[in-house]
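Residue numbers (the numbering used here): 1 to 136.
Note that CB positions come from ideal geometry on N, CA and C, so glycine has one too.
Only one structure is covered here, and it is reproduced in the block below.
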């Protein structure tokens, strides 16, 4: 397994490489076979969602066919975070991109269910089941 590469870290601004920062969120990326697995830790809110949006735009611009977002460390998501995910989903439809989300906390999963996004997004209890779904 490849070691995660930090994309965003807390409380430090840097323009070096692909490091972007946010006060509430940390993003790291690793490859599982051909599939990028993006681990998110912290809140996805009005302050941090622009950084996630920027990261996801690089993925959609490069026509990333499959992407797994691991929500293991996500404790909160608001409407701006949901909008960011919807924008990514829509941007990938022309090339039939597949997005899976894994390891959502009960609180975060409940938000997806309240707004019925579990009907749009592929939600999985863990990364292994999400990877299996993306590979099928």
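Cβ shell of residue i (< 7 Å), same chain only, five flanking positions each side left out
| i | result |
| --- | --- |
| residue 100 | 68, 122, 124, 130, 133, 134 |
| residue 136 | none |
| residue 24 | 42, 43, 45, 47, 48 |
Proximity to residue i [Cα-Cα], best of the options
| i | options | result |
| --- | --- | --- |
| residue 115 | 86, 98, 92, 102 | 86 |
| residue 80 | 128, 44, 35, 117 | 44 |
| residue 50 | 77, 36, 32 | 77 |
| residue 64 | 40, 41, 94, 83 | 94 |
| residue 126 | 33, 39, 29, 34 | 39 |
| residue 120 | 96, 89, 102 | 89 |
Close-in-space but distant-in-sequence residues of the same chain around residue i (CB under 6 Å, 5 per side omitted)
| i | result |
| --- | --- |
| residue 92 | 60 |
| residue 46 | 80 |
| residue 66 | 35, 98, 134 |
Cut-off 8 Å between Cβ atoms - residues of its own chain near residue i, not counting five sequence neighbours on either side
| i | result |
| --- | --- |
| residue 108 | 71, 74, 75, 76, 77 |
N-terminal and C-terminal residue of the beta strand (DSSP E) that residue i is part of
| i | result |
| --- | --- |
| residue 34 | Per DSSP, residue 34 belongs to no beta strand (DSSP E) and is neither H nor E. |
| residue 77 | 66–77 |
| residue 102 | 98–102 |
| residue 122 | 122–124 |
Extent of the continuous alpha helix (DSSP H) to which residue i belongs
| i | result |
| --- | --- |
| residue 51 | 49–61 |
Cα-Cα separation, residue i to residue j
| i | j | result |
| --- | --- | --- |
| residue 26 | residue 41 | 5 Å |
| residue 128 | residue 98 | 16 Å |
| residue 105 | residue 58 | 26 Å |
| residue 111 | residue 33 | 31 Å |
| residue 30 | residue 82 | 23 Å |
| residue 96 | residue 84 | 18 Å |
Residue-chain proximity (residue i, chain D), Cβ-Cβ < 9 Å
| i | result |
| --- | --- |
| residue 62 | Of the chains in the structure shown, none is chain D; there is only one protein chain. |
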